[in-house]
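See structure below.
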Amino acid sequence: YGVSKNTVDAGSIASGSWTGNFIANDPNNPIAAYSQFNPGPRVFAAVTYSRDFFKVGPTSLGLYWDGRSAGTDSYIFSNDMNGDGATNDLIYIPRNTGEMNFATLTVGTGVNTQVFTPAQQAAAWDAYIHQDSYLRAHRGEYAQRNAIVRPIVYRADLSFSQDVGRAIAGSPHALQIRLDMLNFTNWLNHEWGVSSIVITNRPLSSAGVDANGASLYRLATIGNAPNAKLISKTFQKAVTTADVWRMQLGVRYMLNW
Numbered sequence: 270y271g272v273s274k275n276t277v278d279a280g281s282i283a284s285g286s287w288t289g290n291f292i293a294n295d296p297n298n299p300i301a302a303y304s305q306f307n308p309g310p311r312v313f314a315a316v317t318y319s320r321d322f323f324k325v326g327p328t329s330l331g332l333y334w335d336g337r338s339a340g341t342d343s344y345i346f347s348n349d350m351n352g353d354g355a356t357n358d359l360i361y362i363p364r365n366t367g368e369m370n371f372a373t374l375t376v377g378t379g380v381n382t383q384v385f386t387p388a389q390q391a392a393a394w395d396a397y398i399h400q401d402s403y404l405r406a407h408r409g410e411y412a413q414r415n416a417i418v419r420p421i422v423y424r425a426d427l428s429f430s431q432d433v434g435r436a437i438a439g440s441p442h443a444l445q446i447r448l449d450m451l452n453f454t455n456w457l458n459h460e461w462g463v464s465s466i467v468i469t470n471r472p473l474s475s476a477g478v479d480a481n482g483a484s485l486y487r488l489a490t491i492g493n494a495p496n497a498k499l500i501s502k503t504f505q506k507a508v509t510t511a512d513v514w515r516m517q518l519g520v521r522y523m524l525n526w
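Per the working numbering, the sequence shown starts with residue 270, numbered consecutively.
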C-alpha cells in the first residue's frame, strides 16, 4: 500500500499547471492532496516452473498475477464555478437534500426536449452520493483532488516456452518458442480482468445564483433527449486493449559462442 501527495500535479508550463490543478481553496496557495500517481493498494504474485520433459531443452511455464486500482479521479464542476477562468473547481458534497439547490434542467430541443425539475435532480444527486463510497463518506466536505480510487482489477498473464538446443561445432545453440497470453483471466471469463472507469467526474455544473444569492446547480445527464437520464452510478466497464485477452507467439534463436 502506498500514498503519494503533492500540492500541484505539474504540467509542462506554469499556466497549465495552474488551470489544471483541481482546487477548492485559494488556487495560488494549494494544499497537499493526493497526486495523480497515488498508488493505493496492490497485491501481486509470480510463479514459474521449468523442466526438461522431452530431453531437448527446458519447458517453462510462468504465471504473473496482479491486483491494483485502475487509477484515480477528481470530482469537479463541469464549468467555471468561481469565475477565475479555469475549470478546475472541486465540488462540495452536500450533507443532505436540504443543502442542494438545483435549477431546472432542460435537455434537447423541439419535440425531443426533456425537462428535469429541481426536485428530480436533488433526489437523483442524493441517490448518486449514497451509491458512491467516497461521496457517501465525505458529506459536508469539499471533494479532494484525486481521491476517487477506481475499483481494483485483478489480472493474470500466462507464458509458455519450449527451448530446443544442440551443439554445433562445439558451440551451444538454442531455439526458443514462446507463447504469451496477456490478461489470461479475461480468456477464462469475459467478466474477469476488466477495469472500471468513472462515467463522469463532472457531475455538477454551476447555474448562477438564486434570488438569495445562493449558488444554483444542474446535474449531469447520460444519453440524448428524449431518452436522457440523470446520472445514477459512478463506474462503468472500460473498453481498451488492456481489458481483453491477447496472445502473442514469438521465436527466438540464441547463439552462444
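C-beta: ideal position from N, C-alpha, C; glycine also.
What you are looking at is a predicted structure, and each value in this text was computed from that prediction instead of being measured.
Check                                                                                                                                      : Outcome
Is the region 356–372 touching the region 390–407, taking contact as three or more C-beta pairs under 8 Å?                                 : yes
Have a look at N415, N455 and S428 and flag the residue whose alpha-carbon is nearest the alpha-carbon of G309.                            : N415
Could you work out which residue in G289, G352, H459 and S343 is closest to N467 when comparing CA atoms only?                             : The sequence as given places Val at residue 467; Asn does not occur at that position. Nearest option by C-alpha distance: S343.
Determine the burial state of R487: buried for a count of at least 16 other Cβ atoms within 10 Å of its Cβ, exposed for fewer.             : buried
Hey, N275 and A301 are a contact pair by Cβ (cut 8 Å); roughly how many whole angstroms apart?                                             : 7 Å
Could you check what DSSP says for D426 in three-state terms: helix, strand or coil?                                                       : strand
For T454, which residues in the same chain have their Cβ closer than 7 Å to its Cβ, ignoring the five residues on either side in sequence? : Y423, R424, A425, W461 and G462
With a cut-off of 8 Å, do at least 3 Cβ pairs link the region 504–523 to the region 466–481?                                               : yes
Could you work out which residue in L404, N493 and Q431 is closest to V520 when comparing CA atoms only?                                   : Q431
Relative to the C-alpha of S329, which residue among G285, L448, R405 and N481 is closest?                                                 : L448
Among A443, A388 and F371, which has the Cα closest to the Cα of Y522?                                                                     : A443
Mind checking which residues open and close the beta strand (DSSP E) that includes Q447?                                                   : In the sequence on display, residue 447 carries Arg and not Gln. From DSSP, the beta strand (DSSP E) with R447 extends over S440 to L451.
Buried or exposed: Q390, going by 16 or more other Cβ atoms within 10 Å of its Cβ?                                                         : buried
Which runs of the alpha helix (DSSP H) at least 4 residues long sit entirely within the region 448–480? Give them in chain order.          : 453–457
Pick out whichever of M516, V380 and M369 has its Cα sitting closest to the Cα of S474.                                                    : M369
Let me know if I282 comes out buried or exposed under the rule of 16 or more other beta-carbons within 10 Å of its beta-carbon.            : exposed
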